[in-house]
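Numbering-wise, numbering that gives the first Met the number 0 puts 99 at position 100 of the sequence shown, and it's gapless, one number per residue. Contents: one structure, followed by commentary.
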Amino acid sequence: MSRVLLFGGLLLAISACKEEELIFPPQVGQGTEVTEKRPTARPSNLTYVSAFNKNVEIYWPELSDRVVKAQIKYTDAGTEKVLDVTKFDTPVIIPLSEVKAYEFALQYFTADGTPSKVTKTELSPRPYEADFKMSSLLVNPVAGGVTFIFPKTSERAIPGTISYVLDGKQMKQAFNANIMDTVRIQNLSDETKIIDFTVNLNDEVWNRNLTSQNQTAPGLLVYKAILPTLNYSYDANNVVLNWVNNTGDPIDVTYTFDIAGDIKTANVIGSTAAAGSLKLDVAGRGGVMKATVASEGGISTEQIFDIYAPIDRSAWSAEVSSIETNEGAANGKASSLIDGDINTYWHSTWSSGSFNYPHWFVVNLGKEEMLSKIGMIRRHNNTTGGFKTFNIEVSLNGTSWTMVSQNLTFNSEVATATWQDFVITPVNARYVRITMTAPYRVGATSTHLAEFRAYRK
């Protein structure tokens, strides 16, 4: 008899469980979802949405016809709240006072008051949409402007403005957040000037009118970033304008070359090359080059280069006042002055007697040239014993000399051996004589020099 009663009780319990499953939706861990995205249709499970605007939204699945009420309990600001819901075809929106974790206890009831088990879910609402956008705003300088990047939170337009003063004039740019999540303020050309920006978001739906202040300077205009990289070089008879563009933005480059009134022009439009160049055939001549660089937001002033063309040294020869034979096979001799190798050098004699200043050398350019500049570089491995003052003379025949510059100073003790150039008034010359008149260190009698070069206009 007892076995029959036990079996009957078990059947009643199983029947009651099945009955509850038919009446009430699945319980915790079986059919409750927490998300930040609103469902686009009625969900198959009970769905909690952690929404903006400090709300929690509850979307209901299909329920048994016998379910007539749901009761939601939670605590907000220290007060227990009880919310009874009888309509399940629309979501329940619960406004909350804080952005923190809340526990929600949900229970269903039938018409006769039979309760379901309690389902507990913990989640946090997100702040008001406008507040979240403002607190997450990213302000970045860009070329010729500033960008304001708002996180995209919904499809709902939230009106906003960005105000600032430019050249004494009040400026304002309107936008709709979400529809336009990146706002760019352009035509700001002075990257050294910090601008005060006032950002406003006005969400009338939730009565949120927010303002923030941001101070930032615009980014460097692309053309300004290019200007310091401009340089020129010679390629045979061509003069080449070179630049570096690491921005990836397009630039327009134009340059002219004036050879005694004969003007040549080259340009490129929309170049994005990281290493760009323009080439002009100038017959190996020197002249005046003018270049401009343009990019979005502006164009540079003319950059002027007074260009001296290197004179081809293939036909050069050299004579010197004396040579030193104890400086190694590659050094000491006259040809070391014009071999194109700054690691070799000429040295006046020191082992065969005392040859005091002045010392000199003569370079035969091979033909008559319009000499405009000469350059010299010290011996690479010695900062003592060099000369300090010198004169420049020129000749067409190697016997009659004309002084073109005198009492010039050469630094023989500069820490790093670098070229030192000297511009002269352009003069026709085939021969150039450099006379070294005094040592850099008092008492020195000999001298030395690594290399000589010459330029024409």
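Positions of the beta carbon are idealized from the N, C-alpha and C atoms, including for glycine.
Quick one: does residue i have its CB under 7 Å from some CB of chain C?
| i | result |
| --- | --- |
| V145 | Looking for chain C here will not work: only one protein chain is present. |
So, with DSSP's three-state summary, where would you put residue i?
| i | result |
| --- | --- |
| E190 | coil |
| A129 | helix |
| T457 | Residue 457 lies beyond the range of the chain shown here (0 to 456); nothing can be said about it. |
| L240 | strand |
| Y101 | strand |
| A259 | coil |
| S134 | helix |
| T540 | Any question about residue 540 goes unanswered here, given that the chain covers just 0 to 456. |
| T444 | coil |
| T118 | strand |
| T434 | strand |
| T89 | coil |
| T228 | helix |
| E79 | strand |
| G286 | strand |
| N139 | strand |
| L45 | strand |
| D234 | strand |
| E32 | strand |
| F304 | strand |
| R429 | strand |
Tell me which residues share the same chain as residue i and place their Cβ nearer than 7 Å to its Cβ, disregarding the 5 neighbours each side in the sequence.
| i | result |
| --- | --- |
| A274 | V243 |
| P90 | E56, I57 and Y58 |
| S276 | V239, L240 and N241 |
| V426 | L370, V393 and V403 |
| N236 | D280, V281, A282 and G283 |
| I225 | W242, N244, I250 and V292 |
| I92 | N54 and E56 |
| V441 | none |
| S188 | G143, L220, G296 and G297 |
| I433 | W359, F360, F389 and I391 |
Note down, in chain order, each residue of its chain lying with its Cβ closer than 8 Å to the Cβ of residue i, except the 5 sequence neighbours on either side.
| i | result |
| --- | --- |
| T74 | K80, Y101 and E102 |
| Y233 | V239, G283, A308 and P309 |
| S313 | G365 |
| I341 | I376, H379, A416, A449 and E450 |
| F131 | F51, R125, P150 and T152 |
| Y231 | V238, V239, L240, N241, M288, F304 and I306 |
| A12 | Residue confidence is low: A12 scores 39 on pLDDT, short of 50, so the model does not pin down where it sits. Its coordinate-derived value is still stated next. Counting only Cβ-Cβ distances below 8 Å, and skipping sequence neighbours, we find nothing. |
| W315 | I337, V362, N363, L364 and G365 |
Identify, in the order they occur along the chain, each residue of the same chain with its Cβ nearer than 6 Å to the Cβ of residue i, setting aside the five sequence neighbours on each side.
| i | result |
| --- | --- |
| Y163 | M170, I194 and F196 |
| A416 | I376, R377 and H379 |
| H358 | S320, S347, M435 and T446 |
| A110 | V67 |
| Y107 | F23, V66, A69 and S115 |
| T255 | I262, T264 and K289 |
| R466 | The structure shown has nothing for residue 466, since the chain only spans 0 to 456. |
| N208 | N201 |
| A173 | T160 |
| G374 | W418, D420 and R452 |
In terms of DSSP beta bridges, what is residue i paired with?
| i | result |
| --- | --- |
| L277 | L240 |
| T291 | T253 |
| N54 | A50 and P94 |
| S299 | DSSP, once it has assigned bridges, lists no residue as partnering S299. |
| K68 | F108 |
| G144 | V141 |
| Y454 | P309 and K372 |
| E318 | V361 |
| Y73 | K80 |
| S270 | I250 |
Can you tell me whether residue i sits near the ligand SAM, meaning its C-beta is under 6 Å from at least one heavy atom of the ligand?
| i | result |
| --- | --- |
| T434 | This structure simply doesn't include the ligand SAM, nor any ligand for that matter. |
_Contained beta strand (DSSP E) runs [length at least 3] in the segment 324-407, N- to C-terminal order_ = List check, beta strand (DSSP E) in window: 358-376 and 386-394.
*asked:* Extract the residue ranges of the beta strand (DSSP E) inside the segment 148-226, only unbroken runs of 3 or more that lie entirely within it.
replied: The qualifying runs are 157-165, 168-176, 181-184, 194-202 and 207-215.
*Using 8 Å as the threshold, is the segment 147-157 in touch with the segment 253-269, meaning 3 or more CB pairs across them?*
Fewer than three Cβ pairs drawn from the segment 147-157 and the segment 253-269 lie within less than 8 Å of each other, which leaves the two stretches out of contact.
_Under 8 Å, with one C-beta from each stretch per pair, do the segment 289-308 and the segment 341-353 reach the 3-pair mark?_
Touching, no, given that fewer than three Cβ pairs across the two stretches are closer than 8 Å.
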